[in-house]
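Visitor: Before I ask anything, here is the structure I am working with.
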Amino acid sequence: MTQTDMAGFKRDTPSLWSRFLRISLENKVLLLVILFISVAFFVGAMVIYGQYQVTLKKHYEQFGQLLTAVVSAGGEMRLNTTLSPELRLQSFVDSVIAVSTDVAAIEFYDPQGTLIYQSYRDVSPELLANSLDFVAPIKNTAGQAPLGQVHVKLTGETMRDLANATKTIVVVVFVFAWIISILALLSNTYVQSKCLRQLVRGVQRLSTGDFGYKIADGELWGELKVLAEAFNDMSERLRAYEDQNLDTLTFERNKLEAMLLSIADGVLVCDTAGVVSIVNQPACQMLGVGSPDVLMGAEIRDYVTIEGDRCFVPLLAAYEAKMAELSDAAEGLSASHAKPAVSKRVGQDPPGMFSYMLDLSQVTVKVMVSSIQDANGNVLGRVMILHDVTKEAEVDKLKTNFISNVSHELRTPVTTIKSYVDTIYNHGKELDADTYQEFIETIHLETDRLKKLVNDILDFSRLEAGTFQLDKSFEEITPVINLTVQSVKVLAEKKNLTLTTALESNLPKVSMNSESIERVLRNLLSNAIKYTPEGGRIKVRAEVVRGNRWLEVSVEDTGVGISEEHLPFIFDRFYRVENKVHTVKGTGLGLHLVKVAIENHHQGEVFVQSAVGTGSTFGFRLPVFSPKELTETQPAASGQTGVPIA
Numbered sequence: 014m015t016q017t018d019m020a021g022f023k024r025d026t027p028s029l030w031s032r033f034l035r036i037s038l039e040n041k042v043l044l045l046v047i048l049f050i051s052v053a054f055f056v057g058a059m060v061i062y063g064q065y066q067v068t069l070k071k072h073y074e075q076f077g078q079l080l081t082a083v084v085s086a087g088g089e090m091r092l093n094t095t096l097s098p099e100l101r102l103q104s105f106v107d108s109v110i111a112v113s114t115d116v117a118a119i120e121f122y123d124p125q126g127t128l129i130y131q132s133y134r135d136v137s138p139e140l141l142a143n144s145l146d147f148v149a150p151i152k153n154t155a156g157q158a159p160l161g162q163v164h165v166k167l168t169g170e171t172m173r174d175l176a177n178a179t180k181t182i183v184v185v186v187f188v189f190a191w192i193i194s195i196l197a198l199l200s201n202t203y204v205q206s207k208c209l210r211q212l213v214r215g216v217q218r219l220s221t222g223d224f225g226y227k228i229a230d231g232e233l234w235g236e237l238k239v240l241a242e243a244f245n246d247m248s249e250r251l252r253a254y255e256d257q258n259l260d261t262l263t264f265e266r267n268k269l270e271a272m273l274l275s276i277a278d279g280v281l282v283c284d285t286a287g288v289v290s291i292v293n294q295p296a297c298q299m300l301g302v303g304s305p306d307v308l309m310g311a312e313i314r315d316y317v318t319i320e321g322d323r324c325f326v327p328l329l330a331a332y333e334a335k336m337a338e339l340s341d342a343a344e345g346l347s348a349s350h351a352k353p354a355v356s357k358r359v360g361q362d363p364p365g366m367f368s369y370m371l372d373l374s375q376v377t378v379k380v381m382v383s384s385i386q387d388a389n390g391n392v393l394g395r396v397m398i399l400h401d402v403t404k405e406a407e408v409d410k411l412k413t414n415f416i417s418n419v420s421h422e423l424r425t426p427v428t429t430i431k432s433y434v435d436t437i438y439n440h441g442k443e444l445d446a447d448t449y450q451e452f453i454e455t456i457h458l459e460t461d462r463l464k465k466l467v468n469d470i471l472d473f474s475r476l477e478a479g480t481f482q483l484d485k486s487f488e489e490i491t492p493v494i495n496l497t498v499q500s501v502k503v504l505a506e507k508k509n510l511t512l513t514t515a516l517e518s519n520l521p522k523v524s525m526n527s528e529s530i531e532r533v534l535r536n537l538l539s540n541a542i543k544y545t546p547e548g549g550r551i552k553v554r555a556e557v558v559r560g561n562r563w564l565e566v567s568v569e570d571t572g573v574g575i576s577e578e579h580l581p582f583i584f585d586r587f588y589r590v591e592n593k594v595h596t597v598k599g600t601g602l603g604l605h606l607v608k609v610a611i612e613n614h615h616q617g618e619v620f621v622q623s624a625v626g627t628g629s630t631f632g633f634r635l636p637v638f639s640p641k642e643l644t645e646t647q648p649a650a651s652g653q654t655g656v657p658i659a
């Protein structure tokens with residue numbers, strides 16, 4: 014059905030059925046119940062009213078028959094007399110008509126059907142035509158033939174009045190009963206709905222996690238009260254279960270966080286969007302962040318290094334690309350129903366792990382990335398383990414430089430020796446004596462140089478071994494110093510260097526390996542000669558210091574010196590200042606061998622003092638023992654790793 018609005022546009026008018034379909038199911042049921050009650054009351058009223066009409070008509074007919082019989086009996090008495098029967102009938106009929114308003118007319122007929130007497134009430138012709146006609150014979154008490162018939166016509170007004178009154182009463186009673194029923198139904202529905210709304214509100218509170226919420230059941234009854242009590246019990250149990258689970262989860266989370274925060278490596282835990290949820294202090298130190306609060310809640314992609322690089326952006330991009338590649342490979346294997354070949358390579362990342370190197374401002378970090386998944390395999394986030402590999406990277410770099418330096422250092426004397434030997438072998442007879450002697454001297458020097466390089470490498474591998482121990486004895490150090498100084502004098506004289514010694518008299522004996530101490534001194538003197546320009550001075554000192562508990566030997570030069578930032582690392586293996594400042598080649602093992610020999614195998618200590626352009630002083634100290642201390646420590650002197658020194 015359509016209607017036309019004021020603008021002239023036709024619009025659809027929703028039908029009653031469509032409107033009914035739009036209402037809620039609860040209201041639909043309520044309307045259907047009301048409709049059912051209304052129909053039931055209407056049908057019941059109609060049935061009761063119809064039954065009453067039948068009964069009323071039946072009793073009215075009985076009343077008419079009885080009245081007719083009474084009139085017939087009265088007519089007999091008056092017809093059997095000879096004293097003016099018409100007059101007596103008139104008086105009798107008038108009295109009957111006067112008594113009952115329902116009597117419209119009374120007629121008396123003889124046996125032949127001839128009208129004897131009739132009397133009519135003043136009624137309308139229509140009412141008279143529709144009146145009920147009751148007929149009864151006029152019996153003869155003498156036993157003779159009937160005297161005739163009497164006709165009584167009733168208008169039925171009393172019956173109609175009673176019917177109308179009864180109809181009104183039935184309608185009023187049923188309307189009141191219908192209204193009371195509807196009100197009772199609506200009241201019950203309202204109360205039930207109110208109780209159900211309380212239950213719904215309670216369920217909603219539970220769905221939001223408000224465990225322990227209780228429904229007020231004071232106004233409830235019956236099954237609703239039982240249901241509310243069951244709901245409250247369930248809510249209380251859920252609250253207790255939640256408290257227990259929260260305690261367990263909190264304990265497990267705190268334990269996990271404590272474990273993550275206490276490990277030495279850096280730990281970063283992010284969600285799928287990259288927002289940091291857990292970070293420990295080592296990670297902050299590696300990333301140059303003062304406090305974990307700076308990173309908590311921030312997206313890790315937004316982290317910027319001092320140089321302005323977003324270093325985690327390429328890391329996560331590479332990780333996601335790797336995971337996508339593995340996912341595609343897994344789907345391909347699943348589609349072909351093929352089993353992947355098992356292969357394990359050295360240095361290969363474990364399954365699900367991804368490694369990435371980050372070069373930060375101060376450190377080099379190896380980042381291991383792995384996804385966090387639930388029991389169904391859904392990715393919840395990522396965990397990143399940050400391992401500081403700065404030292405390893407530096408060692409690798411130093412090793413590379415060491416191999417390059419050693420290769421160069423070994424190749425130079427070998428090439429020189431090979432060239433001079435080839436010349437002597439092929440043209441030896443053509444060389445004069447001076448040239449020949451010069452070639453032999455050069456070969457001798459290069460051979461010594463080659464021997465020193467090989468010895469340094471052998472000493473390094475031998476002294477670095479944890480099981481190697483030097484054989485030491487209790488002896489004087491002065492002869493070792495004089496012998497070593499004498500052996501390098503030729504090298505010092507070639508550079509026009511002044512080499513002197515300042516040794517205290519009566520130096521005490523110390524527990525040492527003379528060959529090892531000689532190599533230590535030779536290394537220190539060789540470095541002093543190497544880095545001291547022509548015309549410089551080198552002085553070797555030996556004295557007792559620190560309350561006669563230490564024997565100190567030092568080599569002082571007037572060379573180029575070493576800047577202060579290199580001094581803490583000067584004794585590290587493979588560390589070479591030449592790579593940064595100087596141009597003199599070397600293996601970077603000499604000073605490290607000095608440190609290992611003195612500290613690890615003689616329980617002493619090394620030291621250095623230097624300034625750029627002024628010179629350097631390298632030296633070592635050896636512990637001095639009294640005879641009693643020597644007796645107590647001598648059996649373990651060759652194998653000890655430390656001696657108590659006052």
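Basically our numbering = 1-based index in the sequence shown + 13.
Just so it is clear, CB atoms sit at the ideal spot from N, CA and C, and this is done for glycine as well.
Note that the coordinates shown come from a computational prediction; the quantities given were computed from them, not determined experimentally.
For the candidate residues S539, T114, L538, whose alpha-carbon lies nearest to that of D135?
Guide: For the residues S539, T114, L538, the minimum Cα distance to D135 belongs to T114.
Visitor: Please report the distance separating the alpha-carbon of L520 from that of W563.
Guide: For L520 and W563, the distance between alpha carbons rounds to 11 Å.
Visitor: In this structure, how does DSSP classify E74 when only helix, strand and coil are distinguished?
Guide: If DSSP states are grouped into helix, strand and coil, E74 belongs with the helices.
Visitor: Measure from the C-beta of A190 to each C-beta in chain C and report whether the shortest distance is under 8 Å.
Guide: Protein chains in the displayed structure number just one, and chain C is not present.
Visitor: Assuming I193 is part of the alpha helix (DSSP H), what are its boundary residues?
Guide: Run containing I193: 170-220, per the alpha helix (DSSP H) assignment.
Visitor: With DSSP as the reference, identify every bridge partner of Q386, one or two as the case may be.
Guide: In DSSP, Q386 forms a bridge with V392.
Visitor: In chain order, what residues of the same chain lie with their CB nearer than 6 Å to the CB of L141, ignoring the 5 residues before and after it?
Guide: Closer than 6 Å at the Cβ level, and outside the excluded window around L141, lie A117.
Visitor: Give the range of the alpha helix (DSSP H) segment to which I551 is assigned.
Guide: Where I551 is concerned, there is no enclosing alpha helix (DSSP H), although the beta strand (DSSP E) it sits in stretches over 550-558.
Visitor: Thinking just about the alpha-carbon of each residue, which of V553, T545, D401 is nearest to the one in V498?
Guide: If we check each option's Cα against that of V498, V553 comes out closest.
Visitor: Using CA coordinates, which residue listed in V503, V573, E405 is at the minimum distance from L458?
Guide: Of the listed residues, the one whose Cα sits closest to L458 is V503.
Visitor: So, helix, strand or coil for P159, using DSSP?
Guide: DSSP places P159 in coil when its eight states are reduced to three.
Visitor: Judging by CA-CA distance, which residue of I494, L537, Q298 is the nearest neighbour of A555?
Guide: If we check each option's Cα against that of A555, I494 comes out closest.
Visitor: Evaluate H614 with the Cβ neighbour count: other Cβ atoms within 10 Å of its Cβ, from every protein chain shown; 16 or more gives buried, anything less gives exposed.
Guide: So H614 counts as buried.
Visitor: Measuring CB atoms only, is the segment 629-638 touching the segment 516-531, in the sense that at least three cross pairs come out at less than 8 Å?
Guide: Counting Cβ pairs under 8 Å, three or more are found: they touch.
Visitor: If contact is defined by three or more beta carbon pairs under 8 Å, each pair taking one atom from either stretch, is the segment 286-300 in contact with the segment 308-317?
Guide: Touching, yes, given that three or more Cβ pairs across the two stretches are closer than 8 Å.
Visitor: Identify which residue in V148, R532, V183, V558 has its Cα closest to the Cα of Q75.
Guide: That would be V148, whose Cα lies nearest to the Cα of Q75.
Visitor: Mind checking which residues open and close the beta strand (DSSP E) that includes L516?
Guide: From DSSP, the beta strand (DSSP E) with L516 extends over 511-516.
Visitor: Just confirm the distance between the C-beta atoms of I119 and I110, as a whole number of angstroms; I'd bet it's less than 8 Å.
Guide: That belief holds up - the Cβ atoms of I119 and I110 are roughly 7 Å apart, short of 8 Å.
Visitor: Would A505 pass as a contact of L496 if the rule is Cβ separation under 8 Å?
Guide: Not a contact, by the Cβ cut-off of 8 Å.
Visitor: With 16 other CB atoms within 10 Å as the buried threshold, where does P640 fall?
Guide: Confidence in P640 is poor, its pLDDT being 49 and thus under 50, which makes the residue's placement unreliable; the coordinate value appears in the next sentence. So P640 ends up on the exposed side.
Visitor: Let me know the secondary structure DSSP gives M309 once reduced to three states.
Guide: Here M309 sits in coil by DSSP.
Visitor: Report the CB separation of L628 from E569 in whole angstroms; it is logged as a contact under 8 Å.
Guide: It is worth fixing the name first, because residue 628 is Gly in this sequence and not Leu. Sure, about 7 Å apart at Cβ, within 8 Å.
Visitor: Decide if T571 is buried, meaning its Cβ has at least 16 other Cβ atoms within 10 Å, or exposed.
Guide: The residue in question, T571, is buried, as its Cβ has 16 or more Cβ neighbours within 10 Å.
Visitor: Does C283 come out as helix, strand or coil in the three-state DSSP assignment?
Guide: Strand, per DSSP.
Visitor: Indicate the three-state DSSP secondary structure (helix, strand or coil) for P636 in the structure shown.
Guide: In this structure, P636 counts as strand in the three-state DSSP scheme.
Visitor: Would you check if there are 3 or more beta carbon pairs closer than 8 Å linking the segment 38-50 to the segment 181-188?
Guide: Result no; under three Cβ-Cβ pairs closer than 8 Å.
Visitor: Can you find the residues in the same chain that come closer than 6 Å, C-beta to C-beta, to I456, ignoring five residues on each side of it along the sequence?
Guide: Excluding sequence neighbours, I456 sits near I430, Y433.
Visitor: How do the segment 220-229 and the segment 64-79 stand: do at least 3 beta-carbon pairs fall below 8 Å, yes or no?
Guide: Taking 8 Å as the limit for Cβ pairs, the verdict is that the segment 64-79 does not touch the segment 220-229.
Visitor: Indicate the three-state DSSP secondary structure (helix, strand or coil) for A229 in the structure shown.
Guide: Correct three-state label for A229: coil.
Visitor: Who are D585's beta bridge partners in DSSP?
Guide: Bridge partners of D585: none, in fact.
Visitor: Which same chain residues end up closer than 7 Å to G549 when comparing Cβ atoms and leaving out the 5 residues on each side of it in sequence?
Guide: Closer than 7 Å at the Cβ level, and outside the excluded window around G549, lie L510, D570, T571, G572.
Visitor: Closest to I192 by CA distance: which of V112, N468, F54 is it?
Guide: When only C-alpha atoms are compared, the closest one is F54.
Visitor: Please classify G441: does DSSP put it in a helix, a strand, or coil?
Guide: Correct three-state label for G441: helix.
Visitor: Taking the beta strand (DSSP E) that I291 belongs to, which residues open and close that run?
Guide: Here the beta strand (DSSP E) through I291 covers 289-292.
Visitor: Tell me, please, which residues DSSP counts as bridged to P150.
Guide: According to DSSP, which records beta bridges pairwise, P150 is partnered with Q162.
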